[in-house]
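For reference, the structure discussed in these notes is given below.
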Amino acid sequence: MLYHSISEESMPLNRDYLNITQKNNKKSPDRELIIFEMANNHMGDVEHGIDIINELSKIKDKYTKYFNFAVKFQFRDLDTFIHSDFKGSNLKFIKRFESTTLKNKEWKILFDNVRKNNFQLLATPFDEISVNKIIKNSFDLIKIASCSLTDWPLLEKIASTKKEVIFSTAGSSIDEVDAVVSFFKNRNIPFTIMHCVGKYPTKDSQLNIGAIDFYKKRYPLIRVGFSTHESPTNISSAPIALAMGAKVFEKHVGIENKNYKLNDYSANPKQISDWLQGLKEAKLMIGNKEDRLKIKNEKKELRGLQRGVFLKTDIEKGKKINPSDLQFCIPSESKGLVANDISKYSEYISKYNIKKGTQLNLNNCNIIDNKKNILLIVKKIRNLLKKSGVTIPNGIDLEISHHYGIKKFARFGISMFNIVNYEYCKKIIVVLPKQKHPEQYHKVKKETFHVIYGNLELKLDGKLIKLNISDIVTIDPGVRHEFYSKNGCIIEELSSNHNIDDSFYTDKDIMKNNKRKTFVKFWR
């Protein structure tokens, strides 16, 4: 299975993305959504969890005129999420997660209590098995944590549910956020982008609330929110975020008693009430500010929650490591690969014999990364299509032919879109500037080239023909043909049925290369 999605530039967005489902308060879909994040503050005590939900409900009932409300949990399948060698250890996160576990029947009690109190039900899964738990219990939305934002195996599983998604962006670069936006847009899955800072707690000077306005401008029509980790005594940050255009707010909440203490970024009932009151009063305010600053050490702090890449089987020296050979779990070594590093555009080759249970790193495997080259190719193709005005039907994959390898694609190769292939066939062929297609012939297929943009130098059995826009030429079976474009060209090819075994290159090295094509599904 291949995991990573090509990031892409801004593209037109269907307004259906604005029609976000609000199971509760259906008559007021434009109201801001308040998410009460319980996380592990139930402390593994179902009665304590019920007390929190009931307190939240009392507070919520005073503000349902202004906001929609949800309660969110966090799910980790500890049997697979924690590496077997570290179960029961004193490591910070492992100790916390293992000490606050709940049984399925206890979870069910909490879920039922959330619904009884007219909250929407959300959860953050940190592994694929936990996604199944969300589906089994019919949750309303799925939240993706910042540490999992580019955990592509997990994102693929979440996307397969087709449920609406909310994702946080702490510690992520713009390229990473672009990639995730592209990922969900291309799958027609509604989503919300949450500005978030990965510091616990976050100092007021680190909040960077102006990033909300930045996201709104970069991703028009996409809902943007604010996930908070500041001190619960701060009641001004949410009103500022609201003024910036935030439509979703996530707040860590809980209750203190003689047995349980809250962390420094979780709000108690009094603080929640004050926070909501300030947010209510700010609904008539508007402000504009753009300031997205990166907090140092965010990546380091989040890394403790990212899953390491471990081998499920022994691997011999020089062997290609396949996705089926891998498992993803915590804790991760400081210099080891994490699930976020796994890309479908990369190949992983062992440098020496590696034993089962070992974490992959740059010392024990070579990484062949073709992603940058493919991204550049896709960008050039999109730009030429945009310049030409040629449109490609929805749902058509991009086929990249790199006859002598990706690195030589700028000189040798073409790209094409296979529109239909029945007893007749239509393709759109894109030839980039100064690119040549090597000589080939077909034994069966008869084809007609119609130049719809640019110019083309076509050789038929060695004879040069220069073609310009609107020119047409027909190529009979058996005729050797190669072509080149100085400034770029787009060709509409009409032909008889195309068979993949009916292309014969006069350069036998090309015929021996069975990896001369790359297919990109989400290229727009």
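Using my numbering, the first residue of the sequence shown is number 12, and each one after it goes up by one. Note that CB positions come from ideal geometry on N, CA and C, so glycine has one too. Computed from a predicted model, the values in this text were never measured in an experiment.
It is roughly 21 Å from the alpha-carbon of L44 to the alpha-carbon of N52. K391 and N479 have their C-alpha atoms roughly 21 Å apart. Residue environment for T459: exposed (fewer than 16 other C-beta atoms within 10 angstroms of its C-beta). Contact between L132 and V125 holds, with the beta-carbon distance rounding to 5 Å and staying under 8 Å. Judged by their CB atoms, I223 and H240 are not nearer to each other than the 8 Å cut-off. Close CB contacts of V208 within its chain, under the 7 Å cut and outside five residues either way in sequence, are with A181, Q217, L218, N219, H240 and I306 (chain order). Q282 and L316 have their C-alpha atoms spaced approximately 28 Å apart. Between the C-alpha atoms of D512 and N525 there is a straight-line separation of about 12 Å. With fewer than 16 other beta carbons inside 10 angstroms of its own, P334 counts as exposed. At the C-beta level, S354 and K528 stay beyond 8 Å of one another.
Check the Cα spacing between D96 and each of S343, I185 and N364: the tightest is with S343. For N143, the three-state secondary structure derived from DSSP is helix. Separation of the CB atoms of I440 and E358 is rounded to 28 Å, and the pair is thereby denied contact status at 8 Å.
Annotation: Q217 is outside any beta strand (DSSP E) and is labelled neither H nor E by DSSP. DSSP places T172 outside both helix and strand once states are collapsed to three, so it counts as coil.
The segment 184-223 contains, as complete beta strand (DSSP E) runs of 3+ residues, the segments 202-207 (chain order).
Across the set Y435, K362, K346 and M49, the C-alpha of K362 shows the shortest separation from the C-alpha of I379. Where K438 is concerned, the enclosing beta strand (DSSP E) starts and stops at Y435 to V442. Counting along the chain, the unbroken beta strand (DSSP E) around R234 starts and ends at R234 to S238.
Inclusion of K470 and H492 in the CB contact set at 8 Å is warranted, their separation being smaller than that value.
Per DSSP, G319 lies in no alpha helix (DSSP H); the unbroken beta strand (DSSP E) holding it starts and ends at G319 to L322. Residue pairing by DSSP places C376 opposite S361 in a beta bridge. Looking only at S506, E267, K445 and H509, the smallest Cα-Cα distance to N498 is reached by K445. Its chain contains K83, F84, Q85, F86, S141, K144, I145, F150, I153 and K154 as the residues whose beta carbon lies nearer than 8 Å to that of A134, once the 5 sequence neighbours on both sides are disregarded; these appear in chain order. Looking only at F137, N394 and S157, the smallest Cα-Cα distance to I93 is reached by F137.
The beta carbons of V431 and V531 sit no closer together than 8 Å. I153: not part of any alpha helix (DSSP H); member of the beta strand (DSSP E) spanning L152 to I155, first to last residue. In chain order, I223, V235, G236 and F237 place their CB closer than 7 Å to the CB of A257, counting only its own chain and leaving out the 5 sequence neighbours on each side. If you draw a 10 Å sphere on the C-beta of Y433, you find fewer than 16 other C-beta atoms in it, and that means exposed. DSSP lists T459 as the beta-bridge partner residues of T485.
Where S507 is concerned, the enclosing beta strand (DSSP E) starts and stops at C500 to S507. Exposure of K328 is indicated by the presence of fewer than 16 other C-beta atoms within 10 angstroms of its C-beta. In this structure, Y356 sits near K382, with a CB-CB distance shorter than 8 Å. Looking at the DSSP output, C340 shares a beta bridge with G319. Excluding five sequence positions before and after K227, the CB atoms of its chain that fall closer than 7 Å to its own CB belong to V235 and G256, given in chain order.
Of the residues assessed, V349 falls on the buried side of the cut-off, its CB having 16 or more other CB atoms within 10 angstroms.
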